[in-house]
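Throughout the sequence shown, residue numbering follows my numbering, covering -2 to 473 in sequence.
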Amino acid sequence: MRALVVRTIQTVLKAVEGNFRPGPYRLPVTGGYLPDGAALNWWQQGYDPISGLANSAIVEACVSAYAQTVAMCPGAHWRLNRKGGRDRVTNSALSRILKRPNAYQTISDFLLNATRSLYIDGNAYALALRNSRYEITELHLMQPVRSFPIVAETGDIFYELGGNDVIESQIDKRDRLLVPARDVLHIRLHNDRRYPRPLVGESPLMSAVQDIGVGDAIAKQQLQFYLNQARPSAVLQTDLPLDKDQVQSLQDRWDDRSRGINQGKTPVLTHGLKVSPWNVPPKDAMIADVMKISEQRVALAFRIPLQILGLGGTAIHSTEALMQFWIATGLGFALNHIEEAFGLVFELKGQPDEYLELSTDALLRSALKDRIEALARGVQGGIYSPNEARNQEGLDDVKAGDEPRVQQQVVPLSAAEAIPAKPSFGGPTGPHPPPAPGPAAPPPALPVPPKDYTNECKRAQSGIRAAADRIQRRFN
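Structure, rendered in structure tokens:
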């Protein structure tokens, strides 16, 4: 208990030495928060620290939305090539870490827990172990409540790390694990002006702690209310006057037909009894509205659309539009922030020369229609070649499919000068261009002598005379 009190007092006082710091106050031992103005002996005054995560479903939903989504995005090491495009690097230390960060975690598990630590505590720490070639071979996550940066008198930055059983089993637990900043992956969020330590991040929970406290207080009060009042779901009503024995008899008969093995059977009502459901009073409905507003404010602090959490909101016509909206608000920052932290510890040059990218294409894995339409437009516009589009869907290359294609009428402006102008029929507009040379004319044919038709004429005359003779004989 003494150690708990000492660490709590140190946490409250060490942020601003000698000066008062307004709350809320974070308790690293319990992982909770105290409201603004809480006394140092808060446990003696009956204060209950707000856990923030354990008792709040909305906080768990917000943190899990970020952690699980980031873990879904596969990472790749990219490097700029001479043609202005980019090439995937597969033989670097970063590419090997993206496949297996350590011996006991997958990259999905690593990113999941790192992102959870980032949004719960505002910081995520990982120890980098190197080989003889100074290449990072392993990354080990540490607990943020037991890790913090230290600035030496020379200005150098070191980190005291703790909270990983695998690493602590390899060193003497009596020794402090003090490592330089170049061997620590530190992902941190922004720091509020009330904190004079720019190397320590702050969780969005600090901005939503009052709303979380309101939700927790309402939930606890309602729980005690429902446990104490034992309010039934329905009541039996009648207009007939009943004495105590009759009321008890009717109640016993109802219980016999609706409890135990008789539950679900049809009871028979006498004495004019009617079953009336117990309606929810307007006060309880107002409490539900207050809790809903509290949840919306927590989601606002985490910058998560309500549609992602299933809390309603304006309808979005497609999954792609919803994901793009989240990427443009909060998720895009989270991915870029993690990428830049990896680039710092792995000494990458940064965009566009050399960088890490966590691809968001996996978020549309179930939206087949949207994905295929995007690839089809990319192929028709000449952005992708047919083989590149097929490879993104896991299909093999096809013959003559490596080159991007466009439609015939799509030409650059510089090629418009070579297109001949159409002839104008509205009047003289200037000298016409000379006609294009056509194929060579065939050689002239040899003169053919005229044909003699004398015999044909004689035969025709003989036929006419014979026909005339036959007609004359028929009439005679």
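Beta carbons are placed, not taken as given, at the ideal position from N, Cα and C, and that holds for glycine.
Residue from the options with nearest C-alpha to residue i
| i | options | result |
| --- | --- | --- |
| residue 349 | 101, 67, 84 | 84 |
| residue 144 | 112, 196, 102 | 196 |
| residue 340 | 179, 306, 289 | 179 |
| residue 390 | 407, 406, 377, 366 | 366 |
| residue 406 | 385, 377, 386 | 377 |
| residue 232 | 243, 248, 239 | 248 |
| residue 333 | 185, 86, 165, 464 | 185 |
| residue 130 | 90, 108, 79, 163 | 90 |
| residue 54 | 336, 273, 296 | 296 |
| residue 176 | 163, 198, 153, 166 | 153 |
| residue 335 | 80, 107, 82, 81 | 107 |
| residue 398 | 199, 410, 381, 66 | 381 |
| residue 344 | 100, 451, 74 | 74 |
| residue 59 | 244, 114, 395 | 114 |
| residue 188 | 250, 245, 119 | 119 |
| residue 112 | 79, 338, 307 | 338 |
| residue 100 | 163, 82, 155, 92 | 163 |
| residue 88 | 76, 81, 82, 80 | 76 |
| residue 400 | 384, 461, 408 | 384 |
Anticipated Cβ contact below 8 Å, residue i with residue j, distance rounded
| i | j | result |
| --- | --- | --- |
| residue 379 | residue 402 | 6 Å |
| residue 204 | residue 64 | Rounded, the Cβ-Cβ distance is 19 Å, inconsistent with contact. |
| residue 121 | residue 141 | 7 Å |
| residue 361 | residue 317 | 6 Å |
Beta-ladder partner(s) of residue i, from DSSP
| i | result |
| --- | --- |
| residue 72 | 355 |
| residue 336 | For residue 336, which the question treats as bridged, DSSP gives no partner whatsoever. |
| residue 273 | 232 |
| residue 175 | 157 |
| residue 139 | 122 |
| residue 148 | 154 |
| residue 185 | 120 |
| residue 86 | 74 |
| residue 375 | None, per the DSSP bridge assignment. |
| residue 398 | None, per the DSSP bridge assignment. |
| residue 127 | 133 |
| residue 347 | 351 |
7 Å CB neighbourhood of residue i in its chain, flanking five on each side removed
| i | result |
| --- | --- |
| residue 300 | 326, 327 |
| residue 455 | none |
| residue 125 | 133, 136, 180, 181, 182, 342 |
| residue 168 | 174 |
| residue 453 | none |
| residue 329 | none |
| residue 439 | none |
| residue 92 | 74, 86 |
Beta-carbon proximity list for residue i, same chain, < 6 Å, skipping 5 on both sides
| i | result |
| --- | --- |
| residue 371 | none |
| residue 161 | 137, 139 |
| residue 201 | 298, 299 |
| residue 51 | For residue 51, the predicted model reports a pLDDT of 47, less than 50, meaning its position is unreliable; a value from the coordinates is still stated below. There are no such residues. |
| residue 127 | 133 |
| residue 105 | 68 |
| residue 234 | 271, 273 |
| residue 110 | 138 |
| residue 457 | none |
| residue 368 | 361 |
Own chain, CB closer than 8 Å to residue i, minus 5 neighbours either side, in chain order
| i | result |
| --- | --- |
| residue 322 | 302, 313 |
| residue 305 | 62, 319, 323 |
| residue 359 | 69, 70, 71 |
| residue -2 | Any reading at residue -2 must be qualified, since the residue scores a pLDDT of 41, below 50, and its modelled position is unreliable; the value itself is stated next. Cβ within range, chain order: n/a, list empty. |
| residue 236 | 269 |
| residue 309 | 303 |
| residue 159 | 139, 140, 143, 144, 165, 174 |
| residue 387 | 393, 394, 395, 398 |
Closer than 6 Å: residue i CB and nearest the ligand SAM heavy atom
| i | result |
| --- | --- |
| residue 273 | This structure simply doesn't include the ligand SAM, nor any ligand for that matter. |
Three or more C-beta pairs below 8 Å linking the stretch 91 to 101 and the stretch 147 to 154
no
Quick check: the stretch 353 to 361 against the stretch 57 to 70, are at least 3 beta-carbon pairs closer than 8 Å?
yes
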